[in-house]
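**Q** Here it is, the structure in full.
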Amino acid sequence: MKSSDRPEPNIRLAPDIRREQLIQATIKAIAELGLSNVTLSKVGAEVGLTAGMINFHFETKQALLTASLKAVADEYSQACEDAMAGHDDDPVAGLYGFIDANLDSQICSPQKAAVWYSYWGDSSARDVYMRIFGHSDTASYEAVYERIERIAAARGRTLDVEAATLGLIGVIDNLWQEVMVARGTFDYDDAVATCRAYLGNLFPDLAEGCKMRLVDVSTPEPADELPRTLPAWTYCSDTFFQKELEQIHLPAWHVVCHQNDIPNVGDYRTFEAFGERAFVLRGEDNLVRAFNNVCPHRAHQVLGPGAGNCPGLIRCPYHSWGFDHTGDLKAIAAQKTFPPFDNGQFGLKPLELETYMGFIFIRFRPGGPSLAERFAPYENELAPYRFADMVPTEPVSEEEIDADWKNTWDNYLEDYHFPTGHPGLFGLMSMDYGRDPNDATHTIRLHHQMRDKAKGGWSCERYASLLPEQTHLPQDQRNSWRYYFAYPSFAFDVYPEMMDFLHVIPVGPGRSRLRFGSYSLPGASRELKACQYLSGRINMQVHREDMALVASVQKGLESSAYDRGILGTKEIAVAALHRWVRADLPEAAS
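Take the sequence shown: its letters are residues 1072 to 1661, numbered as in this note's numbering.
Following this line, the structure appears as structure tokens:
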């Protein structure tokens, strides 16, 4: 909201109106900032009130947050109740009304969906959610169950009513997640049609006029209906690689560094990929900006590769043109030798930048969802780690490997190879491995817990025995290693004592550049630093093992003996990656 759009703080409004304003501002703040980052001052800035004035209407921040959730819950419950009212004798009409209410654009808005998931995804807030929203969830389940049961009975159908009920609610839940990502492009009518098509699959006489919506991420598998991999040629073709760059990688977010990698005014870091050059720089106003690393005079790179500091003007080393920290052209050597021209036409070209949880990302093609939108399902789970407060434990490093970017991620995204490929890691971690692809956000969460009695060699056993209790984390995250992949380019690897990122940059068909960065909270104890060292040793061994595996796989993909493979249930995250590639480049399905 622009400052000119905000209410003047001196305008006196009725208490009920002011409370409603505050609730709506809080809903917006939760959606934009995440539950843990909402403050009274940020809410107050939206409505022109100080934190103290907000306390007049809501005694505490928690009271305001709870009231906001209750407002969303009450609106939802009333909408569902109204939609099904008057249809007691017609269970089909009642179900259609329930679907319509759930996918009404006012009820299922991006902001309200974000509030729902913020509370549901935050283990510390889930009790509040259940107290306020739990009865509504139960009522919805019972209403759907009762109507599906009646529809089945009227048709003489034997049906697992519980499974059918959970299926419809699951479809609606996935559509709510899609609302947060698609935002202005989400088709509510199409979503309603999808839910009705689901009912049509259960009861064929309801299918007339229903057409299952076509979603990009649901590209059909090959005709033999086996869960097949991408064809081998997609890992080796130069033509296909060029299409991948255009359709997949240039529009994607790419991690450059952490905000604490460039803490001082003038600090910068360069980035190069796909024939493009860029840099990020912390300006005199302390804001970080991204620019193409190309001088508008004669196309020389403005800043040399790596990192450094520009305390004054950014000087191109070719002809000494100078630019300020906002990218404006400020100095031209031998300016009298040029005809008069508008300096504004020759500034550095900016790039889209997003800072998410302290990490600085850029993309070369604008558009598409933000990282905050894509990571919304995990935001409250990630918040306790305090990524933004972390500092680098070592410089960002790079390595080129003989493996296609998809081959690299195929390996990363499955644990099927752990017993034979990573005996040390397998001895440290339990066999219960979580695999959670999200087609709506094109993200994947992977997670496993440490064994009660760790094995796997000295590093693994010492790590498990030394790891201090990380009391700032929820109980279920204190002994858990978690991985968050964002298609197509990077993943956060999150441990109790530290985290790192893996960034995979395609260099050519069958070749990739890997970038690594490691970070931890400052002030680590000696014991915690020992654990960071040990987990580093463990992961370095895993990396060496993985590099040998993907190099061998790449040679197999390039041989005449292999066409495509088959995937098992331990490889569902690989299947998701392949779905998304097929959706972006349909020729990969052939």
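Heads up, the beta-carbon is just placed ideally off N, CA and C, and yes, glycines get one too.
Flag this pair as touching only if the stretch 1515-1531 and the stretch 1335-1351 have three or more C-beta atom pairs under 8 Å; answer yes or no.
**A** no
**Q** Take residue 1257 as the anchor and find which of 1179, 1437, 1317 has the nearest alpha-carbon.
**A** 1179
**Q** For the beta strand (DSSP E) that residue 1468 lies in, which residues bound it at each end?
**A** 1462-1472
**Q** Could you check whether residue 1322 and residue 1360 sit closer than 8 Å to each other, using their CB atoms as the reference points?
**A** At the C-beta level, residue 1360 and residue 1322 stay beyond 8 Å of one another.
**Q** At the level of alpha carbons, what is the spacing between residue 1301 and residue 1459?
**A** 37 Å
**Q** Going straight from the alpha carbon of residue 1226 to that of residue 1158, what length do you get?
**A** In a straight line, the C-alpha of residue 1226 is about 18 Å away from that of residue 1158.
**Q** Pop quiz: residue 1603 and residue 1464 are said to be a contact at Cβ under 8 Å. What is the actual Cβ separation, rounded to whole angstroms?
**A** 7 Å
**Q** How many Å lie between residue 1290 and residue 1615 at the Cα?
**A** For residue 1290, the predicted model reports a pLDDT of 44, less than 50, meaning its position is unreliable; a value from the coordinates is still stated below. Whole-angstrom Cα-Cα distance: 34 Å.
**Q** Determine the DSSP secondary structure at residue 1108, reduced to helix, strand or coil.
**A** In the three-state reduction of the DSSP assignment, residue 1108 falls in the helix class, which pools H, G and I.
**Q** For residue 1340, write down the residues that DSSP places opposite it in a beta bridge.
**A** When DSSP reads this structure, residue 1340 sits in a beta bridge with 1351, 1378.
**Q** Over the uninterrupted beta strand (DSSP E) stretch that includes residue 1571, give me the two end residues.
**A** Its beta strand (DSSP E) spans residues 1570-1579.
**Q** Quick check on the burial criterion: 16 or more other C-beta atoms within 10 angstroms. Buried or exposed for residue 1088?
**A** Counting Cβ neighbours within 10 Å, residue 1088 comes out exposed, since fewer than 16 surround it.
**Q** Going along the chain, which residues of its own chain have a beta-carbon closer than 8 Å to the beta-carbon of residue 1580, five neighbours each way excluded?
**A** 1306, 1307, 1308, 1309, 1311, 1312, 1475
**Q** As an exercise, report each continuous alpha helix (DSSP H) stretch of at least 4 residues that is fully enclosed by the stretch 1475-1545, in chain order.
**A** 1476-1483, 1489-1492, 1494-1499, 1529-1537
**Q** Taking the straight line between their C-alpha atoms, what separation do you get for residue 1327 and residue 1586?
**A** 9 Å
**Q** Which class does residue 1119 belong to by DSSP, given the choice of helix, strand or coil?
**A** Here residue 1119 sits in coil by DSSP.
**Q** Are the beta-carbon atoms belonging to residue 1232 and residue 1240 less than 8 Å from one another?
**A** no
**Q** Let me check one thing: in DSSP terms, what residues is residue 1552 bridge-paired to?
**A** For residue 1552, the beta-bridge partners assigned by DSSP are 1519.
**Q** Could you give the DSSP three-state label for residue 1211: helix, strand or coil?
**A** Correct three-state label for residue 1211: helix.
**Q** Alpha carbon to alpha carbon, how far is residue 1101 from residue 1066? Give it in angstroms, no decimals.
**A** Missing from the structure shown is residue 1066; the chain here goes from 1072 to 1661 and no further.
**Q** Where does residue 1422 fall in DSSP's three states?
**A** coil
**Q** Can you tell me the Cβ-Cβ gap for residue 1471 and residue 1584, rounded? I've got them flagged as a contact below 8 Å.
**A** Confirmed, about 5 Å.
**Q** Is residue 1100 helix, strand or coil by DSSP?
**A** helix
**Q** According to the Cβ coordinates, are residue 1431 and residue 1329 closer than 8 Å?
**A** yes
**Q** Is the number of C-beta pairs between the stretch 1106-1126 and the stretch 1146-1161 that are closer than 8 Å three or more?
**A** no
**Q** Could you check how far apart the C-beta atoms of residue 1174 and residue 1259 are, in whole angstroms? I think they sit under 8 Å.
**A** 5 Å
**Q** Taking residue 1511 as the reference, give the member of 1250, 1531, 1212 with the closest Cα.
**A** 1250
**Q** Between residue 1215 and the rest of its own chain, which residues show a CB-CB distance below 8 Å, the 5 nearest in sequence each way excluded?
**A** 1166, 1169, 1236, 1239, 1240
**Q** Could you tell me whether the stretch 1535-1546 touches the stretch 1449-1459, where touching means 3 or more Cβ pairs closer than 8 Å?
**A** A contact exists between the stretch 1535-1546 and the stretch 1449-1459.
**Q** Output the distance between the C-alpha atoms of residue 1627 and residue 1478, rounded to the nearest integer angstrom.
**A** 11 Å
**Q** Quick check: what's the CA-CA separation for residue 1561 versus residue 1120?
**A** 40 Å
**Q** If the criterion is Cβ atoms closer than 8 Å, does the pair residue 1318 and residue 1538 meet it?
**A** no
**Q** Have a look at 1557, 1245, 1611 and flag the residue whose alpha-carbon is nearest the alpha-carbon of residue 1443.
**A** 1557
**Q** Nearest chain D C-beta to residue 1650 closer than 8 Å, yes or no?
**A** Of the chains in the structure shown, none is chain D; there is only one protein chain.
**Q** Buried or exposed for residue 1648, going by 16 or more other Cβ atoms inside 10 Å?
**A** buried
**Q** On the criterion of 16 or more Cβ atoms from any shown chain inside 10 Å, does residue 1485 qualify as buried, or is it exposed?
**A** buried
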